[in-house]
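Line by line, the protein sequences are chains G and F. Residue numbers for the first sequence, in the numbering used here: 13 to 158. Residue numbers for the second sequence, in the numbering used here: 13 to 158. Glycine included, C-beta positions come from ideal geometry on N, C-alpha and C.
2 protein chains.
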Amino acid sequence: MLRLSKLTDYGVVVLSRLAATGARVAAVPELAMSTGLQEPTVAKVLKTLSQAGFVDSTRGARGGYRLARALTDIPLAEVIVAFEGPIALTACVDGAVGGCESAGLCPVHGRWDPVNRAVREALTRITVADLASPNAFVETRAPVYT
Amino acid sequence: MLRLSKLTDYGVVVLSRLAATGARVAAVPELAMSTGLQEPTVAKVLKTLSQAGFVDSTRGARGGYRLARALTDIPLAEVIVAFEGPIALTACVDGAVGGCESAGLCPVHGRWDPVNRAVREALTRITVADLASPNAFVETRAPVYT
DNA sequence: TTAATTCGGACAGAAAAGGTCCTATTTGCC
DNA sequence: GGCAAATAGGACCTTTTCTGTCCGAATTAA
Numbered sequence: 013m014l015r016l017s018k019l020t021d022y023g024v025v026v027l028s029r030l031a032a033t034g035a036r037v038a039a040v041p042e043l044a045m046s047t048g049l050q051e052p053t054v055a056k057v058l059k060t061l062s063q064a065g066f067v068d069s070t071r072g073a074r075g076g077y078r079l080a081r082a083l084t085d086i087p088l089a090e091v092i093v094a095f096e097g098p099i100a101l102t103a104c105v106d107g108a109v110g111g112c113e114s115a116g117l118c119p120v121h122g123r124w125d126p127v128n129r130a131v132r133e134a135l136t137r138i139t140v141a142d143l144a145s146p147n148a149f150v151e152t153r154a155p156v157y158t
Numbered sequence: 013m014l015r016l017s018k019l020t021d022y023g024v025v026v027l028s029r030l031a032a033t034g035a036r037v038a039a040v041p042e043l044a045m046s047t048g049l050q051e052p053t054v055a056k057v058l059k060t061l062s063q064a065g066f067v068d069s070t071r072g073a074r075g076g077y078r079l080a081r082a083l084t085d086i087p088l089a090e091v092i093v094a095f096e097g098p099i100a101l102t103a104c105v106d107g108a109v110g111g112c113e114s115a116g117l118c119p120v121h122g123r124w125d126p127v128n129r130a131v132r133e134a135l136t137r138i139t140v141a142d143l144a145s146p147n148a149f150v151e152t153r154a155p156v157y158t
């Protein structure tokens, strides 16, 4: 199913919500309220978003989070990488030599790279802004599926 | 990490191997030997490949499997669908209305569709043949990553 | 000083994946 | 006709991964 972790999904949701609060900092309880997610979950998501540099954090009382970049400058691929690590569709990539014991027999050894590149490219063309606002994403190429 | 199931990976490996045996049918033990995978695993993979119509099976003594289509006619997307179900990057898609309790609050509700379409398109452009033989895959569009 | 808030990590329960095995059915061969 | 070789289909258990929550420490405004 090519599943994406729920955390990644939540990350996109929280980023989208933060776009609405603008320059004002928003704390976890407020964001949990407005997104409908649990507070601990929102807190966890924001930690990841902060480490990845998508949001700026202010500690202490009256602290909170605020977008560090515009949503249009955040490719979806980067969010996925932040939550799930490098985009690679199989386990026998990322240069992990020696990980596959049957490399000598495997006819597809090392051949997933173009696949991963294609998927990365597709996910880089789409930004979080495209997922947050209506009709923001316009495909620049004709889709295969109609 | 956008992980792909190992079965899917094995599926591609087995299909690639079957391309080498040509019109002759090959049985599970032989394919297990030549791919370096365990027999039960190969058997499981072949059942899925057979149901999906990628291979033709012959039952009984001297039976076995053989490719039903050329590898160049098998888009990677189809193999993934056979092993993992529809390609959808999140749980709140495939028209499962009512599955998301906070749909009213969710700012990205229903907005993953273009993402899924983009990934599907990328995985449809690549065939199993591209993964099986050297230099078979030539990108038709400029990649974002260099 | 106090309260609010982020930071970092740890943890247990739930869900999914992975691999194996068993039985039934089909078919070639002696 | 009987036997051996093979696929078909499903059930099962183990292992891994994900998910969600919680706790203590550090920080800062009032």
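Thinking C-alpha only, which one of F/THR102, F/ALA94, F/TRP124 and F/ARG129 is nearest F/THR20?
The sequence position of residue 20 of chain F within the second sequence is 8, counting from 1. Comparing Cα positions, the closest option is F/ALA94.
Please report whether the beta-carbon of G/VAL127 lies at a distance below 8 Å from any beta-carbon of chain F.
On the first sequence, residue 127 of chain G is found 115 positions in, with the first residue counted as 1. It does: the Cβ of G/VAL127 has a partner Cβ on chain F nearer than 8 Å.
Mind listing the chain F neighbours of G/ASP142? Cutoff is C-beta to C-beta under 9 Å, in chain order.
Taking the first residue of the first sequence as position 1, residue 142 of chain G is located at position 130. Those within 9 Å of G/ASP142 in chain F are ARG123, PRO126 and VAL127.
N- and C-terminal bounds of the beta strand (DSSP E) containing G/SER69
Here residue 69 of chain G refers to the residue found at position 57 when the first sequence is read from its first residue. Taken as a continuous stretch (DSSP letters only), the beta strand (DSSP E) holding G/SER69 covers 67-70.
Going by alpha carbons, who is nearest to F/TYR22 out of F/PRO52, F/ARG36 and F/THR33?
One-based indexing of the second sequence puts residue 22 of chain F at position 10. Looking at the Cα atoms, F/PRO52 is the closest of the given residues.
On the DSSP bridge assignment, give the partners of F/GLU77 in chain order.
As a position in the second sequence, residue 77 of chain F is number 65, starting the count at 1. The sequence shown places Tyr at residue 77 of chain F, rather than the Glu named in the question. Beta-bridge pairing links F/TYR77 to F/ALA38 and F/SER69.
Cβ neighbours of F/GLN27 in the same chain (closer than 6 Å, five flanking residues each side left out):
Along the second sequence, read from residue 1 onward, the residue named residue 27 of chain F stands at position 15. Looking at the sequence provided, one finds Leu at residue 27 of chain F rather than Gln. Cβ neighbours of F/LEU27 beyond the five flanking positions: VAL140.
Does the distance from the CB of G/LEU159 to the CB of G/VAL40 come in under 8 Å?
A query on residue 159 of chain G cannot be resolved here, the shown segment of chain G reaching from 13 to 158 and no further.
Please report whether the beta-carbon of F/LEU58 lies at a distance below 8 Å from any beta-carbon of chain G.
For this step, residue 58 of chain F is matched to residue 46 along the second sequence. No, F/LEU58 lies away from the interface with chain G (no Cβ there is under 8 Å from its Cβ).
Please state whether the Cβ-Cβ distance between F/VAL54 and F/THR60 is less than 8 Å.
Reading the second sequence from its first residue, position 42 is the one you call residue 54 of chain F. Reading the second sequence from its first residue, position 48 is the one you call residue 60 of chain F. Result no, Cβ atoms of F/VAL54 and F/THR60 do not sit closer than 8 Å.
Separation of F/GLY72 from F/ALA31, as counted between CA atoms:
Within the second sequence, residue 31 of chain F is the residue found at index 19, counting from 1. Within the second sequence, residue 72 of chain F is the residue found at index 60, counting from 1. Taking the straight line joining both Cα atoms gives about 22 Å.
Listing by chain order, which chain F residues have their CB less than 8 Å from the CB of G/VAL131?
Residue numbering aside, residue 131 of chain G sits at position 119 when the first sequence is read from its first letter. Those within 8 Å of G/VAL131 in chain F are LEU14, VAL131, ALA134 and LEU135.
Rounded Cβ spacing between G/ALA89 and G/ARG132 (contact assumed at less than 8 Å)
Your numbering for residue 89 of chain G matches position 77 in the first sequence. Your numbering for residue 132 of chain G matches position 120 in the first sequence. Yes, G/ALA89 and G/ARG132 are in contact; Cβ-Cβ is about 6 Å, under 8 Å.
Within chain F, the residues that G/LEU101 reaches when beta carbons sit closer than 8 Å
Taking the first residue of the first sequence as 1, we reach residue 101 of chain G at position 89. Result: LEU14, ARG15 and LEU16.
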